[in-house]
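A.B. asks: Sequence lines, in order, name chains H and W. So in the working numbering, the last one in the first sequence is 596, and the numbering has no gaps at all. So in the working numbering, the last one in the second sequence is 796, and the numbering has no gaps at all. Backbone N, C-alpha and C fix where the C-beta goes; we use that ideal spot for every residue, glycine too. Predicted, not measured: the structure shown is a model, and the values here were computed from it. Can you keep this structure in mind? I'll have questions shortly.
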Amino acid sequence: MSTAPTAEVVRREENYLNVSYGIRSWLLTTDHKRIALLYLASVTVFFFLGGVFAVLIRLNLFTPTGDLVSAATYNKLFTMHGVVMIFFFLIPSIPAVLGNFLIPLMIGAKDLAFPRLNLASWYLFNMGGLIVLYSILSGGIDTGWTFYTPFSSVYSNTHVVSTIFGIFIAGFSSILTGLNFIVTIHTMRAPGMTWFRLPLFVWTHYATSLIFVLGTPVIAITLALVAAERLFHLGIFNPALGGDPLLFQHLFWFYSHPAVYIMVLPAMGVTTELITTFARKKLFGYSFVAAASLAIAVIGFLVWGHHMFVAGQSAYAAMIFSLLSYLVAIPSAVKVFNWTATLYKGSVSWATPMLYGLGFIGLFVMGGLTGLFLAALGVDVHVHDTYFVVAHFHYIMVGGAVMGYLGGLHYWWPKISGRLYPEALARFAAIVLFIGFNLTFFPQFILGYLGMPRRYHAYPPEFQVLNVLSTAGASILAIGYLLPMAYFIWSMRYGPAAGPNPWPATGLEWLTPSPPPPHNFDETPTVTWEPYDFPNRPDLKYPSPVVAVRQLGPTPQEE
Amino acid sequence: MLTRLPLFPESASTMAGRVDALFFFLLGFSVLLSLLIFILIIGFSIKYRRRASNEIGASIGGSLRLETLWIVIPFLLSMVMFAWGADLYISIRQPPPQALEIFVVAKQWMWKLQHPEGQMEINELHVPLGRDIQLTMTSEDVIHDFFVPAFRVKADVLPGRYTTIWFHATKPGRYHLFCAQYCGTNHAQMGGWVEVMEPAAFEFWLAGGTAEESMAEAGARLFQQFACANCHRPSGQGRGPSLVGLYGSQVRLQEGETVLVDNDYLRESILTPRAKIAAGYEPVMPVFQGLVNEQQVLQLIAYIKSLASPPPVAEQQRSELPSQ
Ligand code: HEC
Ligand SMILES: [Cu+2]
Ligand SMILES: [Cu+2]
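Quick look at the structure:
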């Protein structure tokens, strides 16, 4: 391989990993790359924890009578699964790990705008996490991750207040990360890195950061009000004291719907990078994809009421929310079409990250299309709060966000660790994941339309076959998640050196050695090229010196 | 085998077919669109698979025409879905005027239902085939949700207010009733059955019950028991307004606005009378919150509603109302 000599050089060079040693050098670091790895460790622990809850849930549902755990325990399991996965894995995963690592590299900066604030975010995140862990260990919580009142604020007698407190604290880490990204993207772009030369990964993180900053305070206040009602018996949400339980739902979903986009927008960013790199082609409709990200973030704030079509809100409100929900689907569709078109006349590689990228599109399409069923008012009345919804949001959040996260990890792992993982095993794991995922969640669509409500500890016997299928799928899925964990760790020691740009790809992050030096670039790069413009990048080193360009047929007109 | 592995729910109401029709439209659309995308993705990935390690893709930046096309077409299609769904939703939300009204009180973790004739049921609901049935529902504690998959209807049941749901059963049988809104420990047990009966069988069932008094009669008894009658005289000469003919009318409030007298207004007037004061009266009505339970409120409402119908001969004195 022609990259070998470079790797030789790299090994002797100072990089962010070998620049200093010892636990202090990590816990007090302000290097965004090290903080990203700290986050990687934290969210992996939470993912594992949330995964254990998921496995217990699925095992319990193996039989209609729910024999594994009691109803009370089951309710705690799905609550803690939701709380841990959403607030401590899905929301931080891509932004705090990959975003943290890559945004400065991608825009040609030395670090984020506020490095110490970045470290503080990590501490806040873990503090919140520890408080939630404490709540779990001291007995758990059974309100569902949605904390609906007045159950959460009056009737539940589990650890509601401490859990809420943990989420409240972790929320500040989201806000600070969002702030950090926004300022960084605005002020620290390298010369020549104009807005329309930014990788889409940066655009989607910009959109995500807007939601972090605008949305998170609302959930923090809402949960604080629940705690206040619990502690001081104020009549905010409790109708017995003159409160309004629907007010809670409005406030909760005002954040929690956009939160879905916090999870999926960054994954869309990752996917865009994967598709362009592994099709070795410019992104089709760059400005449309970028604008779609912002449109999703903005319209996403106006559709929260689609979670309340049967909750007792007025029929007119429901109609407006339904209409807006259809509007927010359009930019997502635009992205899918543009990704597909990008493959046209590309040079498509089937490397592991690309399998994740294509897998993301497939699962996201199914998640998105089933969203149209839920936005259709008359159909939602039937499927609301059933397994149809459970399947839908797992297709978006696990099929979408987690696939994106894993695809991103595989794609940038050579940059992060400087090493390559075993490709064949990795492809195998990606396929196992894809199959396991579909087997787990597809039967749930059928269960939902049949009418099986969500959050049921036991269910009528006629639903058993589909539940058994789902449980079987979950065990395959679990293997699919454990494999990458194993070979990533393996590769850190035994993987072959990756070189600066193994794929090769066009982003600035690939101009610097792998792993990058502590200050990212020895010299601030100057950008003179358009994003993903393979033909105009003579500096890219392909395994063979002659570059063949796919013959241009009758091309659609340029934008 | 078919019962061990059902793939599609039973349809037993007039709404079921209409919901399924939209469902199949959406399903057809989704299958076609996803097939199109999957075929293109897989097709492109195979046709344009990398043949040489140094090969790169063609230089294509985009196409305004295509972008417009795939913004406008999905938009138009989605508006069809929206309109269809909204139309259906309005039908689901609006009970037909002559529906038979049954009252539902939910609590952790059971359903208490009462027929106007007074018959009470727990976790079971008997209804006649071929009639519009409206449920007026409230909760004594947390939020629950009344869900009958075979009818394709559900609605949250909230504490502190009434929500309604209606259906018109088309097939005799026993159908699952689920609580669909998570409500605590035994949420999964908070279910039961809706039994749809032939009209004659239903009349027979109703007559065979143990109910001693209809809901309106129970309400009349409570009306005496709680001394409502002292203030609310049919003649309107008491300290409170006459309640005859009140239901469904417009009432003028002290602040000058008028409100429609429906279930929610009556409930509020009984439990927290200070919330809205009828014009021309002193706010002297005692607060009954905590004194009467949800079931009794519903019975009082049933009684007040029964006063709305033209006075029967036996209650002649009502017609002596001064035309105030
Ligand atoms: C002490 C006298 C008094 C008693 C006892 C009383 N009410 Fe009232 N009620 C009033 C007055 C005065 C009003 C009008 C002012 C207001 O709206 O609060 C009223 C209003 C109402 C209204 C609204 C009528 C309208 O035109 O808006 C309803 C319904 C009602 N009462 C039902 C009841 C019921 C049922 C009871 C027994 C459980 C009851 N009341 C007991 C005095 C009384
Ligand atoms: Cu939503
Ligand atoms: Cu319930």
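#1: So the candidates are W:721, W:748, W:752 and W:717; which of them puts its Cα closest to the Cα of residue 805 of chain W?
#2: Quick test of the definition: if touching needs 3 or more C-beta pairs under 8 Å, does the stretch 157-174 of chain H touch the stretch 325-337 of chain H?
#3: Is it true that the stretch 566-577 of chain W meets the stretch 537-548 of chain W, where meeting means three or more beta-carbon pairs spaced less than 8 Å apart?
#4: Examine the Cβ distances between the stretch 305-315 of chain H and the stretch 444-460 of chain H and report whether three or more of them are shorter than 8 Å.
#5: Following a CB-centred definition, is residue 617 of chain W positioned closer than 8 Å to any heavy atom of ligand 4?
#6: So that I know if they touch, is there some Cβ in chain W lying closer than 9 Å to that of residue 399 of chain H?
#7: As a quick exercise: from H:234, H:290, H:241 and H:238, pick the residue whose alpha carbon is nearest that of residue 260 of chain H.
#8: Residue 310 of chain H touches chain W at which residues, Cβ-Cβ below 9 Å?
#9: In chain order, what residues of the stretch 100-120 of chain H put their CB closer than 7 Å to some CB of chain W?
#10: Does the beta-carbon of residue 372 of chain H have 16 or more other beta-carbons within 10 angstroms, so that it is buried, or is it exposed?
#11: Nearer than 8 Å: is that true of the beta carbon of residue 421 of chain H relative to any heavy atom of ligand 3?
#12: On the criterion of 16 or more Cβ atoms from any shown chain inside 10 Å, does residue 274 of chain H qualify as buried, or is it exposed?
#13: Rounded to the nearest angstrom, what separates residue 398 of chain H and residue 546 of chain H at their Cα positions?
#14: Under a CB-based cut-off of 9 Å, is residue 640 of chain W close to chain A?
#15: Can you tell me where the beta strand (DSSP E) holding residue 372 of chain H begins and where it ends?
#16: When the cut-off is 9 Å and only beta carbons count, does residue 530 of chain W lie next to chain H?
#17: Per DSSP, which residues does residue 637 of chain W bridge with? Please list them.
#18: Give, in chain order, every residue of the stretch 729-747 of chain W whose Cβ lies closer than 7 Å to some Cβ of chain H.
#19: Using a Cβ cut-off of 7 Å, pull out every chain H residue sitting near residue 700 of chain W, in sequence order please.
#20: For residue 583 of chain W, which three-state DSSP category applies?
#21: Could you pull out every residue in the same chain whose Cβ sits closer than 8 Å to the Cβ of residue 556 of chain W, ignoring the five residues on either side in sequence?
#22: DSSP three-state call for residue 182 of chain H: helix, strand or coil?
#23: Buried or exposed for residue 576 of chain H, please, with buried defined as at least 16 other CB atoms from any protein chain shown within 10 angstroms of its CB.
#24: Using only the heavy atoms of ligand 2, determine whether one of them is closer than 8 Å to the beta carbon of residue 255 of chain H.
#25: Where DSSP assigns a beta bridge to residue 651 of chain W, which residues make up the other side?
#26: Below 9 Å between beta carbons: does that hold for residue 757 of chain W and residue 639 of chain W?
#27: At a threshold of 8 Å, does residue 655 of chain W count as lining ligand 3 (C-beta to nearest heavy atom)?
#28: Taking 7 Å as the limit between beta carbons, can you name the residues of its chain near residue 54 of chain H, skipping five residues before and five after?
#29: So, is the C-beta of residue 386 of chain H closer than 9 Å to a C-beta in chain W?
#30: Within the same chain, show all residues whose beta-carbon is closer than 6 Å to that of residue 108 of chain H, passing over the 5 residues directly before and after it, in chain order.
#31: Which residue from H:466, H:299 and H:129 puts its Cα closest to that of residue 519 of chain H?
#32: Within 10 Å of its beta-carbon, does residue 340 of chain H have 16 or more other beta-carbons around it, so buried, or fewer, so exposed?
#33: Can you check whether the CB of residue 69 of chain H is closer than 9 Å to the CB of residue 140 of chain H?
#34: Buried or exposed: residue 525 of chain W, going by 16 or more other Cβ atoms within 10 Å of its Cβ?
#35: What residues from chain H crowd round residue 476 of chain W, counting only those whose CB sits closer than 9 Å?
#36: How big is the Cα-Cα spacing for residue 678 of chain W and residue 592 of chain W?
C.D. replies: On the basis of the supplied data:
#1: Past the boundaries of the shown model lies residue 805 of chain W; chain W is included only from 473 to 796, so the question cannot be answered.
#2: Contact fails: fewer than three Cβ-Cβ distances are below 8 Å.
#3: In this structure the stretch 566-577 of chain W does not lie against the stretch 537-548 of chain W, because fewer than three pairs of beta carbons, one per stretch, are closer than 8 Å.
#4: yes
#5: Ligand 4 is not part of the structure shown, which contains ligand 1, ligand 2 and ligand 3 as its ligands.
#6: Here residue 399 of chain H corresponds to residue number 362 of the first sequence, with the count starting at 1. Cβ-Cβ to chain W under 9 Å: yes for residue 399 of chain H.
#7: Here residue 260 of chain H is taken as the residue at index 223 of the first sequence, counted from 1. Nearest C-alpha to residue 260 of chain H: H:290.
#8: Taking the first sequence and counting its residues from 1, the one referred to as residue 310 of chain H is at position 273. Simply none; closest approach about 15 Å.
#9: 108, 109 and 112
#10: In the first sequence, counting from the first residue as 1, residue 372 of chain H sits at position 335. Per the 10 Å Cβ criterion, buried.
#11: Within the first sequence, residue 421 of chain H is the residue found at index 384, counting from 1. Not under cutoff, so the answer is no.
#12: As a working mapping, residue 274 of chain H is identified with position 237 in the first sequence. So residue 274 of chain H ends up on the buried side.
#13: The residue labelled residue 398 of chain H in the question sits at position 361 within the first sequence. The residue labelled residue 546 of chain H in the question sits at position 509 within the first sequence. For residue 398 of chain H and residue 546 of chain H, the distance between alpha carbons rounds to 24 Å.
#14: This model lacks chain A altogether; the protein chains it does include are H and W.
#15: Mapped onto the first sequence, residue 372 of chain H falls at position 335. First-last for residue 372 of chain H: 352-380, but that is the alpha helix (DSSP H), not the beta strand (DSSP E).
#16: Here the question's residue 530 of chain W lines up with position 58 in the second sequence. Yes - at least one Cβ of chain H is within 9 Å of the one on residue 530 of chain W.
#17: For the purposes of this step, residue 637 of chain W is taken as the residue at position 165 of the second sequence. Paired residues: W:607.
#18: none
#19: Reading the second sequence from its first residue, position 228 is the one you call residue 700 of chain W. The contacting residues do not exist; residue 700 of chain W stays about 22 Å from chain H at best.
#20: For the purposes of this step, residue 583 of chain W is taken as the residue at position 111 of the second sequence. Residue 583 of chain W: strand per DSSP, three-state reduction.
#21: Reading the second sequence from its first residue, position 84 is the one you call residue 556 of chain W. Excluding positions up to five away in sequence, the list reads 494 and 497.
#22: What you label residue 182 of chain H is simply residue 145 of the first sequence in a count that begins at 1. Three-state DSSP puts residue 182 of chain H in coil, outside helix and strand.
#23: On the first sequence, position 539 is the one that residue 576 of chain H refers to. Result: exposed.
#24: The residue labelled residue 255 of chain H in the question sits at position 218 within the first sequence. No; taking the cut-off as 8 Å, the Cβ of residue 255 of chain H has no heavy atom of ligand 2 nearer than that.
#25: Residue 651 of chain W sits at position 179 when you count from the first residue of the second sequence. Answer by DSSP bridge pairing, in chain order: W:618.
#26: As a first step, residue 757 of chain W is located in the second sequence; it is residue number 285 there, counting from the start. As a first step, residue 639 of chain W is located in the second sequence; it is residue number 167 there, counting from the start. No, they are not a contact pair.
#27: Against the second sequence, residue 655 of chain W aligns to sequence position 183. Yes, since a heavy atom of ligand 3 falls inside the 8 Å radius drawn around the Cβ of residue 655 of chain W.
#28: Within the first sequence, residue 54 of chain H is the residue found at index 17, counting from 1. Closer than 7 Å at the Cβ level, and outside the excluded window around residue 54 of chain H, lie 552.
#29: Reading the first sequence from its first residue, position 349 is the one you call residue 386 of chain H. For residue 386 of chain H, the answer is yes, since a Cβ of chain W falls inside 9 Å of its Cβ.
#30: The sequence position of residue 108 of chain H within the first sequence is 71, counting from 1. Excluding sequence neighbours, residue 108 of chain H sits near 494.
#31: Indexing the first sequence from 1 puts residue 519 of chain H at position 482. That would be H:466, whose Cα lies nearest to the Cα of residue 519 of chain H.
#32: The residue given as residue 340 of chain H occupies position 303 in the first sequence. Classification of residue 340 of chain H: buried, given that the 10 Å Cβ count is 16 or more.
#33: Counted from its first residue, the first sequence places residue 140 of chain H at position 103. Counted from its first residue, the first sequence places residue 69 of chain H at position 32. Contact: yes.
#34: Residue 525 of chain W sits at position 53 when you count from the first residue of the second sequence. With fewer than 16 Cβ atoms within 10 Å of its Cβ, residue 525 of chain W is classed as exposed.
#35: The count along the second sequence starts at 1 and reaches residue 476 of chain W at position 4. Correct list: 498, 499, 501 and 502.
#36: Stepping through the second sequence from its first residue, residue 678 of chain W is reached at position 206. Stepping through the second sequence from its first residue, residue 592 of chain W is reached at position 120. Cα to Cα, the separation comes out at about 10 Å.
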